[in-house]
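A short worksheet on the structure shown next.
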Amino acid sequence: MCIYPMSSLRSLKKLVFNAFNLKSFTFGLYKQRNHQDEIISTRSKTLSEIGLSHGDMLYLVPFNGAQLWNTPSASNNSHNSFAGPTDAGNNTNRVVQSSNVIGSLRSLPNVAEDDIDEQLWKLDGKIQRKRDEKLCRHGVNGCCVHCSPLEPFDELYMKEQNIKHLSFHSYLRKLTAGVDRGKFIQLDDICCRVKTGCKDHPPWPRGICSKCQPSSITLNRQTYRHIDNVMFENASLVERFLNYWRSTGHQRIGYLYGRYEIHTDVPLGIRAVVAAIYEPPQESTKDSIKLLPDEKEALVDELARSLNLKRIGWIFTDLIADDVKKGTVKHVRNIESHFLSAQECIMAGYFQNQFLNPCRFSPSGYFGSKFVTVCVTGDDKNQVHMEGYQVSNQCSALVRDACLVPTKDAPELGYVIESTDKQYVPDVFYKVKDNVFRVTHKV
1 MCIYPMSSLR
11 SLKKLVFNAF
21 NLKSFTFGLY
31 KQRNHQDEII
41 STRSKTLSEI
51 GLSHGDMLYL
61 VPFNGAQLWN
71 TPSASNNSHN
81 SFAGPTDAGN
91 NTNRVVQSSN
101 VIGSLRSLPN
111 VAEDDIDEQL
121 WKLDGKIQRK
131 RDEKLCRHGV
141 NGCCVHCSPL
151 EPFDELYMKE
161 QNIKHLSFHS
171 YLRKLTAGVD
181 RGKFIQLDDI
191 CCRVKTGCKD
201 HPPWPRGICS
211 KCQPSSITLN
221 RQTYRHIDNV
231 MFENASLVER
241 FLNYWRSTGH
251 QRIGYLYGRY
261 EIHTDVPLGI
271 RAVVAAIYEP
281 PQESTKDSIK
291 LLPDEKEALV
301 DELARSLNLK
311 RIGWIFTDLI
321 ADDVKKGTVK
331 HVRNIESHFL
341 SAQECIMAGY
351 FQNQFLNPCR
361 FSPSGYFGSK
371 FVTVCVTGDD
381 KNQVHMEGYQ
391 VSNQCSALVR
401 DACLVPTKDA
411 PELGYVIEST
421 DKQYVPDVFY
431 KVKDNVFRVT
441 HKV
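Under UniProt numbering, the residue at position 43 of the sequence shown is numbered 43, and the numbers go up by one with no gaps.
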């Protein structure tokens, strides 16, 4: 190879890449046969600076056994040996037809959504209003701006009814309410990993570019939620679940099995109805729970499907007895401490990543999750109380890509790990308001 002494080391690697017609930059150049004195690809150094001169021998070594050359398989060779011009033309047509199918799938994706989603898509979703006796000037059968139906995402109606979050289908109706009717809607999952297969540079940590680098994340309050209400079919379900804590004083975890139905209190809302609680094998103490391998998990899921039920959430206890005679418990979860600990949020994100929500507007066919988290703890009146939660899609993405870990000294705080040679972690920002209500971003 011919290269000038003042050329950069990055130019040297590109020259080797083109000379050998390699598939990617997943290789290293070394001065020694025993893989010593690696030549790092950089623009800041030249060949003369590292002592390379005419006649020097370099050694090319793939990273982690990467395949650098195209090796046609035996099936491809046999196909090419016996395929004539007519077959090649047919193959070309097949490729064109498959690309057309992919394009049609993107515009009209054939995703098998849940039954509750299909039911909600058939509804109009408009919020009906009665005739206002003071403002309406028309008859009983007339309609005006004061009594016409509202959209399910109307902000004034949400404030009047004290609804903090849109239902997921109201959020979708808001996205499809424009002139294009949602023609260009695409709900993409948040990715915190480096995209693999980039041919412009060596893989991380030897190189990274804007095409494969994940974007930084600014933590925002999610405006919608996938589940708006959780209801138990009868009180005996919870009573049987709490009997273990009453008899032992140890905490308990259970899986919720049930179904989804329309929640009428929220426009286009979804309610999770719990019909059964399954308690998997576990070891528990007064302040910890450890899940054990469950050989019957698949059998329980199959039995639930035969009853038209599915796993819709998980429930756990965090109860500390206050007065045994009165039957009261301590109130430990509040706005001054925390509602969910970081470990519980990570666990909720883990479950939500396992049970994804089918969605027709997502390229992957899934977006978010309907999996709920129910915490049994004490309320401000020292009574046993249940609260339902879901973590945001941002939290689920950080958990899925192993970026978030709990802290040891503060249970309410999570910690975003730093980038290493094995994993790149994007910057995670959060918003705070100062004394004059200015919003600032911090890492």
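Note that beta-carbon positions come from the ideal geometry of N, C-alpha and C, so glycine has one too.
Predicted model only: the values in this text are computed from it and were never measured.
Worksheet item: Helix, strand or coil: which one does DSSP assign to Met57?
Response: Residue 57 sits at position 57 when you count from the first residue of the sequence shown. Reduced to three states, the DSSP call for Met57 is coil.
Discussion item. Going by DSSP, what residue range makes up the beta strand (DSSP E) through Tyr4?
Written reply: Mapped onto the sequence shown, residue 4 falls at position 4. Per DSSP, Tyr4 belongs to no beta strand (DSSP E) and is neither H nor E.
Worksheet entry | Assigned exposure category for Gly139 - 16 Cβ within 10 Å defines buried | For the purposes of this step, residue 139 is taken as the residue at position 139 of the sequence shown. Classification for Gly139: exposed.
Worksheet item: Where does the unbroken alpha helix (DSSP H) through His169 begin, and where does it stop?
Response: Stepping through the sequence shown from its first residue, residue 169 is reached at position 169. Unbroken alpha helix (DSSP H) run through His169: 168-175.
Fill in: As assigned by DSSP and simplified to three states, the class of Thr264
Locating residue 264 in the sequence shown gives position 264, where the first residue counts as 1. Reduced to three states, the DSSP call for Thr264 is coil.
Fill in: Secondary structure of Val230, DSSP reduced to three states
Numbered from its first residue, the sequence shown carries residue 230 at position 230. If DSSP states are grouped into helix, strand and coil, Val230 belongs with the strands.
Worksheet entry | Close-in-space but distant-in-sequence residues of the same chain around Lys195 (CB under 6 Å, 5 per side omitted) | Position 195 of the sequence shown, counted from the first residue, corresponds to residue 195. Within the same chain, Lys195 has close Cβ partners Cys212.
Discussion item. Threshold first: 4 residues or longer. Then list the alpha helix (DSSP H) segments lying entirely within the stretch 279-324, N to C.
Written reply: Runs of the alpha helix (DSSP H) lying entirely within the stretch 279-324, each at least 4 residues long, are 297-306 in chain order.
Practice prompt. Assign His169 to one of two classes, buried (16 or more other C-beta atoms within 10 Å of its C-beta) or exposed (fewer than that).
Written response: Translated into the one-based positions of the sequence shown, residue 169 becomes position 169. So His169 counts as buried.
Discussion item. Using C-beta distances below 8 Å, list every residue in its chain close to Glu261, excluding the 5 sequence neighbours before and after it, in chain order.
Written reply: Looking up residue 261 in the sequence shown gives position 261. Excluding residues within five positions, the ones whose Cβ falls inside 8 Å are Ile116, Ile270, Arg271, Val273.
Discussion item. Which of the three DSSP states is assigned to Leu219 in this structure?
Written reply: Here residue 219 is taken as the residue at index 219 of the sequence shown, counted from 1. It is coil, neither helix nor strand.
Worksheet item: If you pair each beta-carbon of the stretch 358-366 with each one of the stretch 405-415, do three or more pairs fall below 8 Å?
Response: Of all C-beta pairs linking the stretch 358-366 to the stretch 405-415, fewer than three are shorter than 8 Å, placing the two stretches out of contact.
Discussion item. Can you list, in chain order, the residues of its chain with a C-beta nearer than 6 Å to that of residue 475? Leave out the 5 residues immediately preceding and following it.
Written reply: The question about residue 475 has no answer here: the residues shown for the chain are numbered 1 through 443.
Worksheet item: Secondary structure at residue 454, three-state DSSP: helix, strand or coil?
Response: Not covered by the structure: residue 454. The range shown for the chain is 1 to 443.
Discussion item. With three or more beta-carbon pairs closer than 8 Å as the criterion, would you say the stretch 49-64 touches the stretch 238-247?
Written reply: no
Practice prompt. Provide the residue span of the beta strand (DSSP E) that contains Cys136, from first to last.
Written response: Stepping through the sequence shown from its first residue, residue 136 is reached at position 136. No beta strand (DSSP E) holds Cys136; DSSP gives it neither H nor E.
Worksheet entry | Other residues of its chain near Phe232: CB distance less than 7 Å, five sequence neighbours each side excluded | Mapped onto the sequence shown, residue 232 falls at position 232. So the list reads Val238, Val274, once near-sequence residues are dropped.
Discussion item. Only counting the same chain, and skipping five residues up and downstream in sequence, which positions put a Cβ closer than 8 Å to that of Gln394?
Written reply: For the purposes of this step, residue 394 is taken as the residue at position 394 of the sequence shown. Once the five neighbours on either side are set aside, the close Cβ partners of Gln394 are Ile190, Ile217, Leu219, Asn220, Gln222.
Worksheet item: How many Å lie between Asn162 and Tyr389 at the Cα?
Response: In the sequence shown, counting from the first residue as 1, residue 162 sits at position 162. In the sequence shown, counting from the first residue as 1, residue 389 sits at position 389. Rounded to whole angstroms, Asn162 to Tyr389 spans 18 Å at the Cα level.
Worksheet entry | Given 8 Å, three or more beta-carbon pairs between the stretch 330-343 and the stretch 307-317 | no
Item to complete: Could you check the C-alpha separation between Ser75 and Asn21 for me, to the nearest Å?
Response: Translated into the one-based positions of the sequence shown, residue 75 becomes position 75. Translated into the one-based positions of the sequence shown, residue 21 becomes position 21. Caution applies to Ser75, whose pLDDT of 43 falls short of 50 and renders its modelled position unreliable; the value that the coordinates give is listed next. Going by the C-alpha atoms only, they are around 23 Å apart.
Worksheet item: Can you give the Cα-Cα distance for Val405 and Gln423, rounded to whole angstroms?
Response: As a working mapping, residue 405 is identified with position 405 in the sequence shown. As a working mapping, residue 423 is identified with position 423 in the sequence shown. Straight-line Cα distance between these residues: approximately 14 Å.
Discussion item. Looking only at its chain, what residues have a beta carbon closer than 7 Å to the beta carbon of Ile40, apart from the 5 residues adjacent to it on each side?
Written reply: Position 40 of the sequence shown, counting from 1, holds the residue named residue 40. Leu9.
Discussion item. Please classify Ile227 as buried or exposed, where buried requires at least 16 other C-beta atoms within 10 Å of its C-beta.
Written reply: If you number the sequence shown from 1, residue 227 lands on position 227. Label assigned to Ile227: buried.
Practice prompt. Give the straight-line distance between the Cα atoms of Phe184 and Gln282, rounded to the nearest whole angstrom.
Written response: As a first step, residue 184 is located in the sequence shown; it is residue number 184 there, counting from the start. As a first step, residue 282 is located in the sequence shown; it is residue number 282 there, counting from the start. If I take the Cα positions, the gap works out to 47 Å.
Worksheet item: How many angstroms separate the CA atom of Leu307 from the CA atom of Tyr257?
Response: Position 307 of the sequence shown, counted from the first residue, corresponds to residue 307. Position 257 of the sequence shown, counted from the first residue, corresponds to residue 257. Answer to the nearest angstrom: the Cα atoms are 10 Å apart.
Practice prompt. Kindly indicate which three-state DSSP category Thr42 falls into: helix, strand or coil?
Written response: Here residue 42 refers to the residue found at position 42 when the sequence shown is read from its first residue. DSSP places Thr42 in coil when its eight states are reduced to three.
Worksheet item: Could you give the C-beta distance for Arg173 and Pro149, rounded to a whole number, given that I count them as a contact under 8 Å?
Response: Here residue 173 refers to the residue found at position 173 when the sequence shown is read from its first residue. Here residue 149 refers to the residue found at position 149 when the sequence shown is read from its first residue. Contact doesn't hold; Cβ gap of about 13 Å is too wide.
Practice prompt. Please name the residue in Lys23, Lys330, Arg206, Ser215 whose C-alpha comes closest to that of Asp421.
Written response: Looking up residue 421 in the sequence shown gives position 421. Here the closest residue by C-alpha is Arg206.
Worksheet entry | Within 7 Å, strictly: CB atoms of Ser288 and His250 | One-based indexing of the sequence shown puts residue 288 at position 288. One-based indexing of the sequence shown puts residue 250 at position 250. For Ser288 and His250, no; Cβs fall outside 7 Å.
Discussion item. Measuring straight from C-alpha to C-alpha, what distance separates Phe429 and Gln343?
Written reply: On the sequence shown, position 429 is the one that residue 429 refers to. On the sequence shown, position 343 is the one that residue 343 refers to. Going by the C-alpha atoms only, they are around 20 Å apart.
Worksheet item: DSSP three-state call for Thr26: helix, strand or coil?
Response: By 1-based counting over the sequence shown, the position of residue 26 is 26. In this structure, Thr26 counts as coil in the three-state DSSP scheme.
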